Amino acid sequence: VQLQASGGGLVQAGGSLRLSCAASGTIVSNNILAWYRQAPGNEREWVATMTTSGTTNYADSVKGRFTISRDGAKNTLYLQVNLLKPEDTGVYYCKLIKPTGNAYWGHGTLVTVSS
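Count the sequence shown with our numbering and you get residues 253 to 367, in order.
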């Protein structure tokens with residue numbers, strides 16, 4: 253399984269980005285999908301999850317602003333990030349968890365939000 257993340261960049265506060273995570277070696281909809289982020293000097297933290305049935309959950313800090321989704325045809329996981337704040341700055345990582353429990357990480361994509 254390989255995950256290729258992209259879509260990060262520099263954006264002003266209040267702006268939006270769409271992060272993508274293209275998967276190979278597995279079908280995204282057959283797995284639990286998640287996004288995490290790591291701000292400079294901080295530990296990696298959970299952001300959002302989508303189950304195989306499509307149920308989503310979000311960290312309180314991003315609820316209402318971020319949306320996790322998947323596209324089966326493109327075999328890709330997305331994170332739409334809106335109303336960005338400087339504290340959203342960090343490296344965003346996608347994660348795929350197979351039914352066996354094996355987990356795979358993407359390499360990360362950097363989001364920088366300027367005030």
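We put the beta carbon where it would ideally sit given N, CA and C, even for glycine.
Values in this document were obtained by computation on a predicted structure and should not be read as measured data.
- Around the beta carbon of V333, 16 or more other beta carbons lie within 10 angstroms, which makes this residue buried.
- Around the Cβ of A300, a 10 Å sphere holds 16 or more other Cβ atoms; the residue is buried.
- In the structure shown, D323 adopts extended strand secondary structure according to DSSP, grouped into three states.
- Burial of R289 is indicated by the presence of at least 16 other C-beta atoms within 10 angstroms of its C-beta.
- By DSSP's assignment, T361 forms a beta bridge with Y344.
- Residue range 308-310 is occupied by the beta strand (DSSP E) that includes N309.
- For T352, the closest of N282, C346, S367, D340 by C-alpha to C-alpha distance is N282.
- Assigned with DSSP and collapsed to three states, E339 falls in helix.
- In the DSSP assignment, A286 forms a beta bridge with T301, K347.
- Apart from sequence neighbours up to five positions away, the residues of its chain that approach A311 with a beta-carbon distance below 8 Å are E297, W298, V299, A300, ordered along the chain.
- Rounded to the nearest angstrom, the Cβ distance from V363 to T341 is 6 Å, consistent with a contact under 8 Å.
- If you check the CB distance, G316 and V280 do not come in under 8 Å.
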